[in-house]
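A.B. asks: After the structure tokens below, expect a handful of questions from me.
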Amino acid sequence: MSKIPEIAAAVETGKIKLIEGLVQEALDAGEDPNEILDKGMIDAMSIVGAKFQTNEIFVPEMLVAARTMKKGVEMLRPLLTAGAIGKHGKYIIGTVQGDLHDIGKNLVALMIEAAGFEIVDLGVDVPPEKFVEAIKANPGCKIVGASALLTTTMEALRGTVKAIVEAGCRDLVKIMIGGAPITQEFADEIGADAYTPDAGSAAVVALQLVS
Ligand code: B12
Numbered sequence: 492m493s494k495i496p497e498i499a500a501a502v503e504t505g506k507i508k509l510i511e512g513l514v515q516e517a518l519d520a521g522e523d524p525n526e527i528l529d530k531g532m533i534d535a536m537s538i539v540g541a542k543f544q545t546n547e548i549f550v551p552e553m554l555v556a557a558r559t560m561k562k563g564v565e566m567l568r569p570l571l572t573a574g575a576i577g578k579h580g581k582y583i584i585g586t587v588q589g590d591l592h593d594i595g596k597n598l599v600a601l602m603i604e605a606a607g608f609e610i611v612d613l614g615v616d617v618p619p620e621k622f623v624e625a626i627k628a629n630p631g632c633k634i635v636g637a638s639a640l641l642t643t644t645m646e647a648l649r650g651t652v653k654a655i656v657e658a659g660c661r662d663l664v665k666i667m668i669g670g671a672p673i674t675q676e677f678a679d680e681i682g683a684d685a686y687t688p689d690a691g692s693a694a695v696v697a698l699q700l701v702s
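Quick note: the sequence shown uses the working numbering, first residue 492, plus one each step.
Printed below as a string of structure tokens:
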């Protein structure tokens, strides 16, 4: 029987001590790492978000669920990034200023790396000028990805695009944005090149942008 429902339950309830054993059992049983990620972890995290919204859980529970997922993702990482790393150039990625959410950003980085880019990860709470510095410091960089999970930090995405334009770097890179509150309309409005709703499509679009 599939271990994925147990993995989902462990992420949802933040059973950090159980996650590695469960993921290992699923892998040993031949379950698909992508399926474990999508159905066992990403879906569980959506439930966590919904429960937070309805005050069924609070920040500490959300945090321990996030840590549990991170631990599980680390186990899948080598299996998801078996491709030829770096053959499509560099991809700078970060979560914008004021925002500490990095699970989605890390998943996008993982999928983009698996698609053959070299990742330059700036981390979280990244001010616009740090994106600009990174572009200047990485001449081989073709794409910049910026993530925002809060409606209050969406404006920092606009600021990031603006800073890249004002620094004269706009023609050097394509800009991709994402995060739960982001839409295609918002991407168009702030002058980003692409928006995608998830990590899988982010990798597909990144390849299209450099082809
Ligand atoms: C886990 C979590 C946390 C954790 C984060 C831990 C971590 N290391 O990331 C902690 C506990 C720290 C946290 C804190 C807060 N959080 Co929070 N959090 C979440 C939660 C439950 C899940 C986010 C997540 O990881 N999802 C799973 C990943 C896989 O999905 P994702 O991030 O959307 O990423 C995917 C796509 O969006 C896309 N994507 C993401 N980035 C990018 C970038 C590019 C370039 C591309 C192309 C695509 C892309 O691909 C990703 C992978 O498929 C969400 C609820 C939700 N449903 O989003 C709330 C949520 C985002 N948090 C919320 C809030 C309010 C907060 C706090 C303000 C709470 C508080 N009172 O302190 C703080 C803010 C801290 C800060 N300054 O950032 C609200 C935001 C509401 C709003 N409208 O702004 C949400 C929506 C919860 C809710 N339903 O109310 N949070």
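The beta-carbon is built from N, C-alpha and C at its ideal position, and this holds for glycine as well.
Could you check the C-alpha separation between G669 and L640 for me, to the nearest Å?
C.D. replies: 8 Å
A.B. asks: How should L554 be labelled, buried or exposed, when 16 other C-beta atoms within 10 angstroms of its C-beta is the threshold for buried?
C.D. replies: So L554 counts as exposed.
A.B. asks: With respect to 7 Å, is the separation between the Cβ of I681 and the closest non-hydrogen atom of the ligand B12 below this value?
C.D. replies: no
A.B. asks: Taking only heavy atoms of the ligand B12 into account, decide whether any of them is closer than 7 Å to the Cβ of T559.
C.D. replies: no
A.B. asks: Among E511, L698 and L663, which residue has its Cα nearest to the Cα of L567?
C.D. replies: E511
A.B. asks: Evaluate V550 with the Cβ neighbour count: other Cβ atoms within 10 Å of its Cβ, from every protein chain shown; 16 or more gives buried, anything less gives exposed.
C.D. replies: exposed
A.B. asks: Residue range of the alpha helix (DSSP H) that E657 falls in?
C.D. replies: M645 to E657
A.B. asks: Determine whether the beta carbon atoms of P630 and T651 lie at a separation below 8 Å.
C.D. replies: no
A.B. asks: Just curious, the alpha helix (DSSP H) that T559 is in, first and last residue?
C.D. replies: V550 to L571
A.B. asks: Pull up the distance between the alpha-carbon of T559 and that of C660, whole angstroms please.
C.D. replies: 38 Å
A.B. asks: Leaving out the 5 sequence neighbours to the left and right, which residues in its chain are closer than 8 Å to E646 when beta-carbon positions are compared?
C.D. replies: none
A.B. asks: Going by the CB atoms, is the gap between S537 and V599 shorter than 8 Å?
C.D. replies: Not in contact: V599 and S537 (Cβ atoms no closer than 8 Å).
A.B. asks: Within the continuous beta strand (DSSP E) that includes A694, where are the two ends?
C.D. replies: A694 -> not in any beta strand (DSSP E); alpha helix (DSSP H) instead, spanning A690 to V701.
A.B. asks: From the DSSP output, read off the bridge partner residues of I610.
C.D. replies: Looking at the DSSP assignment, I610 forms a beta bridge with Y582.
A.B. asks: Cα-Cα, which of A606, A557, L700 and S493 is closest to E526?
C.D. replies: S493
A.B. asks: Under 8 Å, with one C-beta from each stretch per pair, do the stretch 677-687 and the stretch 577-592 reach the 3-pair mark?
C.D. replies: no
A.B. asks: Would you call the CB atoms of A517 and I533 closer than 8 Å?
C.D. replies: no
A.B. asks: Would you grab the beta carbon distance between A711 and A690 for me? Rounded to a whole angstrom, and I think it's under 8 Å.
C.D. replies: The chain is shown from 492 up to 702; residue 711 falls before or after that span and cannot be answered.
A.B. asks: Cβ of F543 within 7 Å of any heavy atom in the ligand B12?
C.D. replies: yes
A.B. asks: At a cut-off of 7 Å, is D590 close to the ligand B12 when judged by its beta-carbon and the heavy atoms of the ligand?
C.D. replies: yes
A.B. asks: Considering just the uninterrupted stretch of the alpha helix (DSSP H) at K542, what are its terminal residues?
C.D. replies: D534 to Q544
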